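Trainee: Sequential numbering from 1 applies to the sequence shown in the UniProt record's numbering.
Take a look at this one; I'll ask things after.
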Amino acid sequence: MKYFMHLRKFTTISITGPACMLNCRFCRGRYLKNMVDLSKGDPGKTLRELFESGVRGILISGGFTREGRLPIEGYVDYLMDGKRKYGFIYNAHLGLQKDIELLNSLKRLIDVVDFEFTLSNYIIKYIRGLNLSGDSYIETLNKMIEAGLHVVPHLYLWHPGFTRDIFTREIKVIEEHGLREITLLVYIPESRNMALPSTSTLINNLRYARKVFGGKIYLGCMRPYQVKNNLDRVAVEEELVERIANPVHELISDNSELYDACCSLPEHLLSGFKLELDQRGRSLY
1 MKYFMHLRKF TTISITGPAC MLNCRFCRGR YLKNMVDLSK GDPGKTLREL
51 FESGVRGILI SGGFTREGRL PIEGYVDYLM DGKRKYGFIY NAHLGLQKDI
101 ELLNSLKRLI DVVDFEFTLS NYIIKYIRGL NLSGDSYIET LNKMIEAGLH
151 VVPHLYLWHP GFTRDIFTRE IKVIEEHGLR EITLLVYIPE SRNMALPSTS
201 TLINNLRYAR KVFGGKIYLG CMRPYQVKNN LDRVAVEEEL VERIANPVHE
251 LISDNSELYD ACCSLPEHLL SGFKLELDQR GRSLY
């Protein structure tokens, strides 16, 4: 099993600092506070300092506009310069970026687009607060693929408005677009008063995804810690996924492959982020 985590070689930056115009219900900008702020000071200097600290891969993220897209335009030159000078590998959360000219230019910059794909009005309208439909997500996916970007759709294995019917349609759209990878997420409730799904619900949904999707499945880093132990264990025992981000430590063994990177990184880029383990399954990095 391949396991992924961010330790030293891979980090996450926010090109908007802690600010987010969209201000979704599930985040309210709190996740941005733990990212490296590229909006403060000289972006070129920040990228250089990251390289000097040992960083070789970066997840480009940040707050979204009210239209649900990452305002990356003003940072493309800085990021491209960082790629030329330091050989950075870039993942990106672009959101609903539909500007085909911009997307075409990003093909030379971004190695993987981690694209949250949903057809659920619960996520789109209630959580994201967007006055849009699933068609906007399909349109965005079309344009990203048209631009030649490597897209790994991120689907929700569960959220409070989850239905099997919508999940099935999401997977069908992904397959119709010829994509052979998906990352599955488990929604983390914004309030402690909201009930978490049962482990059996998550496992059944994961088994279903494995049954109907013919490509590779990755278990992404968004998973409530309360469900990780059983979910991760069954995912490994039943070989329901090919990769797991931030795994339960007990699963790591001598046979594990451990990487300091995002779980959607293409196979040909993994060697530069591989970690070695000691006899007790601890990283020797």
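We put the CB at the ideal spot given by N, CA and C, even for glycine.
Computed from a prediction, not measured in an experiment: that's the story for all the values here.
Considering only the alpha carbon of each residue, which of S264, V236, R128 lies closest to S256?
Mentor: S256 has its Cα closest to that of V236, out of S264, V236, R128.
Trainee: Output the distance between the C-alpha atoms of K107 and L79, rounded to the nearest integer angstrom.
Mentor: Taking the straight line from one Cα to the other gives about 13 Å.
Trainee: Measure the alpha-carbon distance for V152 versus K45 and round it to whole angstroms.
Mentor: Approximately 30 Å, taken between the alpha carbons.
Trainee: By the three-class DSSP mapping on this structure, what secondary structure does S271 have?
Mentor: Reduced to three states, the DSSP call for S271 is helix.
Trainee: Less than 8 Å between the C-beta atoms of K85 and Y259, yes or no?
Mentor: No, these two residues do not count as a Cβ contact at 8 Å.
Trainee: When the distance is taken between beta carbons, is I123 closer than 8 Å to H154?
Mentor: No, the Cβ-Cβ distance between H154 and I123 is not below 8 Å.
Trainee: Within 10 angstroms of the Cβ of H93, are there 16 or more other Cβ atoms? Answer buried if so, exposed if not.
Mentor: It counts as buried.
Trainee: Take R25 and list the residues in its own chain whose beta-carbon comes closer than 6 Å to its own, dropping the five residues that flank it on each side.
Mentor: Once the five neighbours on either side are set aside, the close Cβ partners of R25 are I127, E190.
Trainee: Taking the beta carbon of E181 as the centre, do at least 16 other beta carbons fall within 10 Å, making it buried, or is it exposed?
Mentor: With 16 or more other Cβ atoms within 10 Å, it is buried.
Trainee: Quick one: which unbroken beta strand (DSSP E) runs of 3-plus residues sit fully inside the stretch 205-257? Chain order, please.
Mentor: List check, beta strand (DSSP E) in window: 216-219, 243-245.
Trainee: For E238 and R48, what's the separation of their Cα atoms in angstroms?
Mentor: Each residue's Cα considered, the two are about 43 Å apart.
Trainee: So S264 is in the alpha helix (DSSP H); what residue range does that whole segment cover?
Mentor: From DSSP, S264 is part of no alpha helix (DSSP H); its letter is neither H nor E.
Trainee: Which residues mark the beginning and the end of the beta strand (DSSP E) in which K125 is found?
Mentor: Per DSSP, K125 belongs to no beta strand (DSSP E) and is neither H nor E.
Trainee: Thinking C-beta only, is L157 closer than 8 Å to L202?
Mentor: Yes, the pair counts as a contact, with Cβ atoms nearer than the cut-off.
Trainee: Excluding five sequence neighbours on each side, which residues of the same chain lie with their C-beta closer than 7 Å to the C-beta of G220?
Mentor: Excluding residues within five positions, the ones whose Cβ falls inside 7 Å are H154, T183, L184, L185, A245, C263.
Trainee: DSSP three-state label for E116, please.
Mentor: It is a strand residue.
Trainee: Buried or exposed: T163, going by 16 or more other Cβ atoms within 10 Å of its Cβ?
Mentor: Classification for T163: exposed.
Trainee: Under 8 Å Cβ to Cβ from R280, same chain only, skipping five residues before and after it: list those, please.
Mentor: Below a pLDDT of 50, predicted positions are generally treated as unreliable, and R280, at 39, falls in that range; no measurement from the model is reported.
Trainee: Taking 8 Å as the threshold, find out whether the stretch 263-277 comes into contact with the stretch 13-28 through three or more Cβ pairs.
Mentor: Output reads no: the stretch 13-28 does not touch the stretch 263-277.
Trainee: In this structure, does DSSP put S14 in helix, strand or coil?
Mentor: Looking at S14 - three-state DSSP - the assignment turns out to be strand.
Trainee: Let me confirm a value: Y225 is counted as buried when at least 16 other C-beta atoms fall within 10 Å, else exposed. Which label applies?
Mentor: It is exposed - the Cβ of Y225 has fewer than 16 other Cβ atoms within 10 Å.
Trainee: With a CB to CB cut of under 6 Å and the five nearest residues on each side skipped, what residues in its chain are close to residue 299?
Mentor: Examination of residue 299 is not possible in this model, given that the chain is present from 1 through 285 alone.
Trainee: Just grab the DSSP bridge partners of D37 for me.
Mentor: Paired residues: S14.
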